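Counting in full-length UniProt numbering, the sequence shown runs from 1 upward without gaps. Glycine is no exception: its CB is placed at the ideal position from the N, C-alpha and C atoms. Computed from a predicted model, the values in this text were never measured in an experiment.
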Amino acid sequence: MSQAPNFTEVDPGLRVLMGPGPSDVSPKVLRAMAAPCIGHLDPYFLTKMDETQTMLRYLFETEHALTMPISGTGSAGMETCLVNLIEPGDKVMVCVNGVFGARMADIVERLGGELIRLDFPWGRAVAPETVLKKAKKAGPDLICVVHAETSTGAVSSLSDLSQAAGEVGALFVVDCVTSLGGMPVGIDANKVDAAYSGTQKCLSCPPGLSPVTLSSRALDKLNRRKQKVVSWYLDLTMLGSYWGAERKYHHTAPINMIFALHQALRDICTEGLETRFERHRLHHKALVAAMEGMGLSMVVPENERLPMLNTVYIPQGADDLGVRKALLNQYGIEIGGGLGDLAGKVWRVGLMGSSANRRNLTLFITALKSILEQQGVKIKPGALGAMNNIYDQ
Ligand SMILES: *Cc1c(COP(=O)(O)O)cnc(C)c1O
1 MSQAPNFTEV DPGLRVLMGP GPSDVSPKVL RAMAAPCIGH LDPYFLTKMD
51 ETQTMLRYLF ETEHALTMPI SGTGSAGMET CLVNLIEPGD KVMVCVNGVF
101 GARMADIVER LGGELIRLDF PWGRAVAPET VLKKAKKAGP DLICVVHAET
151 STGAVSSLSD LSQAAGEVGA LFVVDCVTSL GGMPVGIDAN KVDAAYSGTQ
201 KCLSCPPGLS PVTLSSRALD KLNRRKQKVV SWYLDLTMLG SYWGAERKYH
251 HTAPINMIFA LHQALRDICT EGLETRFERH RLHHKALVAA MEGMGLSMVV
301 PENERLPMLN TVYIPQGADD LGVRKALLNQ YGIEIGGGLG DLAGKVWRVG
351 LMGSSANRRN LTLFITALKS ILEQQGVKIK PGALGAMNNI YDQ
C-alpha cells in the first residue's frame, strides 16, 4: 500500500463575503450545522422539516402546500421546476437578460422543450410589453424569468410579467435565488406557479439546499404528464411524498444542512421580512452613495437596481484582478468580477443577508479607496462622507 496522504486541517480563516454569494454565515447557523447527525425519519427531524416548510412559506409569501428545500444548490431548484413542468414539445418562453436566464434556456433545450428565447440587454430589466407581445403570438405553456439577475444586478417586475403570463394562460416560473430573503417576492400576490431559490445568497446559509414552491396549477400540469419526469432524483411526485404526510423514503435528506437552514430561517423570522428588506435597501443606498462619491458609476439604471447585488464600472486605470486580489489578501474581502459581456468591465458587490451591515461596508469602501490610490487611480475624496450621510440622516 502507498503511504497515506497527510494534509493540513481545513482552516480557511475568516472572510468578509461581499460577492455574488455565498454571503456571510452567522456562528448560530454554523452551530446548528454542527448538531449531532440523526436519522432522516427520526421524529425530531420530522418536526424540524415541518417547521422549515412553514418558515419557507412565510419567506416566499405563499400558502402553497408544496414548499420544500431540494437537496442541491440553486441550479438544482431551477432544474427541478423545469424537469417537472416540461414535457417534450411544450412551448417554453425564457426571458434572458444575463447568465441565469441563459442557464434556464439551456435546460429547456435539454428537456426537449420548444424554446422561445427572448433576449434583453444585460444590465437592464426584462421588458414586460415585449414579453406580452411575443407571448400572444407564440402561445407558450410556460414563461420563465429571473427575478434578480445576479450576473448584472438588474431586477425585473414580477407583477407586470405575471400579468403577461396570465393573459396568455402560461405557467409563470420565477428564479428567486438572489431575491428571496432580500426583497419581496410575493409568490401568491404575483401568481407565481413555480419558484426556486438557494440558501447561500440572502438567506445567509451555506450552499447546498434550494427552496422551491409550486402552485396547485403547476401540480395539475405535473399530475397530467404523459411521461414520467426524466430525473428520478428531482421528481416532485416522489419528493412530495417524503416532505408531505406520508414520509415515504426517497433519498436521505441532508439532515445537518436542513438544521442550518432552519436556524437561518429562524433568524429571518426574528428580524421580520419588512425590517430585513429595509436593511438591504439602506445598505444599498449607502453603497451607491459611496461609489458615486468616489466618482465611480453604477451599471444599472436607478429604478432597475437590485439592493443585494450592485454592479459598478471599474474605473479607468484600475487593474480588475489586482484590486480583487488585494481586497482578498490584505483585507479578507471577497467581491465578484464581471461575467460574459461584462467581464473585466465591472465589479459585483453583494450585500446579501448577514453581509449587509455598516461595518462590512465601511471596511470595503475604506479598503477599495486605499487600493485604488495605491494603483494610482484618480478617485474623488467624498466616498465615506456620502456614505455616512445616508446612515446618519
Ligand atoms: C446563484 C444563482 C443561481 C445558481 O445557484 P447555484 O447555487 O450556484 O447553483 C441561479 N440563479 C441566480 C439568479 C443565482 O444568483
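In the structure shown, Arg217 falls within a helical segment according to DSSP collapsed to helix, strand and coil. Taking a cut-off of 8 Å for Cβ pairs, the segment 126-139 and the segment 210-221 do not touch, as fewer than three such pairs fall below it. Cβ-Cβ separation between Gly21 and Lys201: approximately 4 Å, consistent with a contact (criterion under 8 Å). Checking the 7 Å criterion, the Cβ of Ala148 is within range of a heavy atom belonging to ligand 1. In the structure shown, Asn329 adopts helical secondary structure according to DSSP, grouped into three states. Within 10 angstroms of the beta-carbon of Trp122 lie 16 or more other beta-carbons, which makes it buried. Taking C-beta separations shorter than 6 Å and ignoring five residues to either side along the sequence, the partners of Met291 in its chain run Val312, following chain order.
Closest by C-alpha distance to Asn357, out of Met93, His284 and Gly340, is His284.
Ligand 1 has a heavy atom closer than 7 Å to the beta-carbon of Lys201. For ligand 1, no non-hydrogen atom lies closer than 7 Å to the CB of Gly332. Under the criterion of beta carbons closer than 8 Å, Cys95 and Val126 qualify as touching, at roughly 4 Å. Counting every other CB atom within 10 Å of its CB across the protein chains shown gives Asp193 a total of 16 or more, marking it as buried.
Per DSSP, Lys91 is one residue of the beta strand (DSSP E) stretching across Lys91 to Val96. Using a cutoff of 7 Å, the CB of Pro207 counts as near ligand 1, since one of the ligand's heavy atoms is closer than that. Relative to the Cα of Leu158, the nearest Cα in the group Asp188, Ser204 and His250 belongs to Asp188. Residue state for Met68 is assigned as strand, using DSSP reduced to three classes. By the Cβ test, the segment 309-323 is not in contact with the segment 94-113, since fewer than three Cβ pairs between them sit closer than 8 Å. Using a Cβ distance threshold of 8 Å, Glu334 and Met18 count as a contacting pair. Secondary structure remark: continuous beta strand (DSSP E) runs of at least 3 residues inside the segment 164-213, in chain order: 171-175 and 194-196.
Separation of Pro184 and Glu9 (C-alpha to C-alpha, rounded to the nearest whole angstrom) is 41 Å. Counting every other CB atom within 10 Å of its CB across the protein chains shown gives Gly272 a total below 16, marking it as exposed.
If you check the CB distance, Leu306 and Leu361 do not come in under 8 Å.
Distance check between Leu282 and each of Ser355, Val83 and His251 places Ser355 closest, using alpha-carbon atoms only. Ala135 has its alpha-carbon roughly 7 Å from the corresponding atom of Val168. Counting along the chain, Ile371 sits inside no beta strand (DSSP E); it lies in the alpha helix (DSSP H) bounded by residues Arg358 to Gln374. Within the DSSP secondary-structure output, Asn310 pairs in a beta bridge with Val349. C-alpha of Lys378 to C-alpha of Arg324: approximately 18 Å in a straight line. Bounds of any beta strand (DSSP E) do not take in Ile379, whose DSSP letter is neither H nor E. With distances taken between CA atoms, Met49 lies nearest to Pro254 out of Val83, Asn84, Pro254 and Ile390. The segment 31-45 and the segment 243-258 touch, with three or more beta-carbon pairs separated by less than 8 Å. In this structure, Asp106 has its beta carbon at no less than 7 Å from each heavy atom of ligand 1. Sequence-distant partners of Ala32 (beyond 5 residues in either direction) whose C-beta falls short of 6 Å from its own C-beta, in its chain, are Phe259, Ala260 and Gln263. Distance from the CA of Ala164 to the CA of Ser215, rounded to the nearest whole angstrom, comes to 18 Å. Sixteen is the threshold: since fewer than 16 other Cβ atoms of the shown chains lie within 10 Å of the Cβ of Ser297, the residue is exposed. Straight-line measurement puts the Cα of Glu87 at about 7 Å from the Cα of Gly113. Per DSSP, the unbroken beta strand (DSSP E) holding Glu114 starts and ends at Glu114 to Asp119.
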